[in-house]
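Visitor: Below: one structure in structure tokens.
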Amino acid sequence: MRQPDGPMLKRASLLLLLALLLPLGLAAPLVAQEEGEGAPAAAAQADDHGGEPRSDARRERPESRRLPPAVATEHQIAIGGETIEYQAIAGSIVLEGANGREEADIAFVAYFRKGADPQRRPITFAFNGGPGAASAYLHIGALGPRRLSFGNEGEVPSSPPVLSDNAESWLPFTDLVFVDPVGTGFSRFLTSDGEVRRRYWSVDGDISALGSFVWQFLNRYDRLASPKGLVGESYGGFRVPKLARALQTHFGIGVGTLVMISPVLDFSLIEDGAVSPLAKAARLPSFAATALERGGRTITSRAELAEAERYAGGPFLADFLRGPRDREATERFVAEVTRFTGLDEAFVRRLAGRVDMRSFVRELHRDRERVGSYYDGAVTGLDPDPFAARSDFDDPVLDGSVAPLTSASVDYLARELGYRVDGRYHLLNRQVSGRWNWGSGRRQPQALGDLADALALDGRARALVVHGFTDLVTPYFASKLALDQLPALGSDGGRVELAVLPGGHMFYTRDVSRRALTDAVRPLYEEIK
29 MRQPDGPMLK
39 RASLLLLLAL
49 LLPLGLAAPL
59 VAQEEGEGAP
69 AAAAQADDHG
79 GEPRSDARRE
89 RPESRRLPPA
99 VATEHQIAIG
109 GETIEYQAIA
119 GSIVLEGANG
129 REEADIAFVA
139 YFRKGADPQR
149 RPITFAFNGG
159 PGAASAYLHI
169 GALGPRRLSF
179 GNEGEVPSSP
189 PVLSDNAESW
199 LPFTDLVFVD
209 PVGTGFSRFL
219 TSDGEVRRRY
229 WSVDGDISAL
239 GSFVWQFLNR
249 YDRLASPKGL
259 VGESYGGFRV
269 PKLARALQTH
279 FGIGVGTLVM
289 ISPVLDFSLI
299 EDGAVSPLAK
309 AARLPSFAAT
319 ALERGGRTIT
329 SRAELAEAER
339 YAGGPFLADF
349 LRGPRDREAT
359 ERFVAEVTRF
369 TGLDEAFVRR
379 LAGRVDMRSF
389 VRELHRDRER
399 VGSYYDGAVT
409 GLDPDPFAAR
419 SDFDDPVLDG
429 SVAPLTSASV
439 DYLARELGYR
449 VDGRYHLLNR
459 QVSGRWNWGS
469 GRRQPQALGD
479 LADALALDGR
489 ARALVVHGFT
499 DLVTPYFASK
509 LALDQLPALG
519 SDGGRVELAV
529 LPGGHMFYTR
539 DVSRRALTDA
549 VRPLYEEIK
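Take a look at the structure:
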């Protein structure tokens, strides 16, 4: 996939990832969708893999027949001196329309700890981002019992897709269900009706479909009485509050734990514009962290970026809004932005201090003929065109991870879980992101209101937002600014926590950050049992 999930890069991947997301998405990374009213401006690019032009009148072909029946296998893993026996189930759930017609086949992989009381044992549903990213990033990158090892300097497409036991898996304290929304992984449409496709590939339709999936899964496997959690990365993190709210109000399902990994809570805080300073202010602390890592220093605490945060949240905004014709303000602005970003002052001055993400990752490493990743500014790759004024490059993190994650996922499903599927596996599907309907009119999409509503309705629910310091796609300071606007919700603010860890969008590829993530999440599950 060309740069920018799940899931905004190149106006086409700022959430794909991202992851993951993207994702991711998001790493998905993050957000790619077609232009139109209600679509975030930074995420506008159609599918670049070719094919017929869209036509509202044209019916689209279903991707394939139904997925194979579910397969259950038995496994064990040693974590923390304890041997955990578990059952893995790879399968799918068919979603139907109001008329009873089959519309989509949603693939999943679930892990159930054997011998546990299902009424007390938590169960967590995990989603990646994009929109258009499969759950492989969280599944075999962070939370599942098997893990693909990534180097801190990113991944290369020819890296061997070898899995090993994951000592930081969440399996000791929760059962896990990894879900691939329709169009990602092996999940597919079962109808050629273009209206169905458009409904599923929208903010509201996506939440409705995932809510239906969660309901059917809990009912099928007799887990309606279990404590429940949601975790999402990148655009998946955007999904979590909305899905929690929908489950509460439309499906009669309470969710006690909400974990958002590298999320976007409000797109207005990350969308670069000519006039608004918010996105540039939100990224400045992450620019500073990236510059420090380039100098050999790994940031481990927000206290190390306190000065950058104070500047970004105050003087930066004031001097930016005075405009470039205010020479005194511009001089201050250029000097401070140069100091925090580590960029050449002459370059910063040419931009009047208005440095965006694309310029930053190119200029910071230009002297070494390398480019940084949007998804982890501290990770670099070779610049394919180092002498050009601007360079169109594959992202070292997002694009570099596609081949190993895709190969590892398909091989794992087939060889270890016994689930073989005919058809293509979509780790990152640009068609999904390119056709996404944001449905928010002239307003920027946001999930902060859904988070407040979900927590207000359920006084026991807790939320955790986790970011990487050097993630430039969904910068941690944007979430900090958003979360600061939440009311107390009946506490001193402890019901919603923000954690920032070393690394980027997929910070969990770093061993120390993956361990820290697991340690931060575990107490939340102890509280909902």
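Sequential numbering from 29 applies to the sequence shown in our numbering.
Heads up, the beta-carbon is just placed ideally off N, CA and C, and yes, glycines get one too.
1. Are the C-beta atoms of G143 and some chain B residue less than 8 Å apart?
2. If you drop the 5 nearest sequence neighbours on each side, which residues of the same chain put their C-beta closer than 6 Å to that of Q244?
3. Between which residues of its own chain and V268 is the CB-CB distance below 6 Å, once the five residues before and five after are set aside?
4. Work out the CA separation of L500 and V399 for me, nearest whole Å.
5. Output needed for A480: all residues of its chain with C-beta closer than 8 Å, excluding positions within five of it in sequence on either side, in chain order.
6. DSSP puts F206 in a beta bridge; with which residues?
7. Given a cut-off of 8 Å on the beta-carbon distance, is the pair F214 and V224 in contact?
8. What residue range does the beta strand (DSSP E) around G260 cover?
9. Just verifying my parser: in three-state terms, what is the DSSP assignment at I281?
10. Check for me: the alpha helix (DSSP H) holding L526 runs from which residue to which?
11. Using three-state DSSP, classify L95 as helix, strand or coil.
12. Hey, how far is the Cα of S177 from the Cα of Y453?
13. Just how far apart, CA to CA, sit V137 and G119?
14. Return helix, strand or coil for Q147, following the three-state DSSP convention.
15. Between V449, R471, G342 and E397, which has its C-alpha nearest A310's C-alpha?
16. Return helix, strand or coil for L333, following the three-state DSSP convention.
17. Please name the residue in S240, R226 and P189 whose C-alpha comes closest to that of L123.
18. What's the C-alpha gap between L95 and Y139?
19. Would you kindly work out how many angstroms separate the C-alpha atoms of L271 and R353, rounded to a whole number?
20. Does the beta-carbon of H278 have 16 or more other beta-carbons within 10 angstroms, so that it is buried, or is it exposed?
21. Where do the N-terminal and C-terminal ends of the beta strand (DSSP E) with A491 fall, by residue?
22. Taking the alpha-carbon positions, what's the D203 to R149 distance?
23. Measuring CB atoms only, is the stretch 428 to 438 touching the stretch 454 to 466, in the sense that at least three cross pairs come out at less than 8 Å?
24. For G282 versus D486, is the C-beta distance shorter than 8 Å?
25. Per DSSP, which one or two residues make a beta bridge with D101?
26. Ordered along the chain, which non-local residues of its own chain (more than five positions away) have a Cβ less than 6 Å from that of D294?
Guide: From the atom records:
1. Considering every chain present, this structure includes no chain B. It has just one protein chain.
2. I121
3. L258, G260, L286 and M288
4. 13 Å
5. L514, P515 and L517
6. V137 and A154
7. no
8. K256 to E261
9. coil
10. It is not in any alpha helix (DSSP H) - L526 instead sits in the beta strand (DSSP E) that spans V524 to L529.
11. coil
12. 20 Å
13. 6 Å
14. coil
15. G342
16. helix
17. S240
18. 19 Å
19. 46 Å
20. exposed
21. R490 to G496
22. 7 Å
23. yes
24. yes
25. It is Thr, not Asp, that sits at residue 101 in the sequence shown. BP columns for T101 point to A116.
26. Q474, L476 and A510
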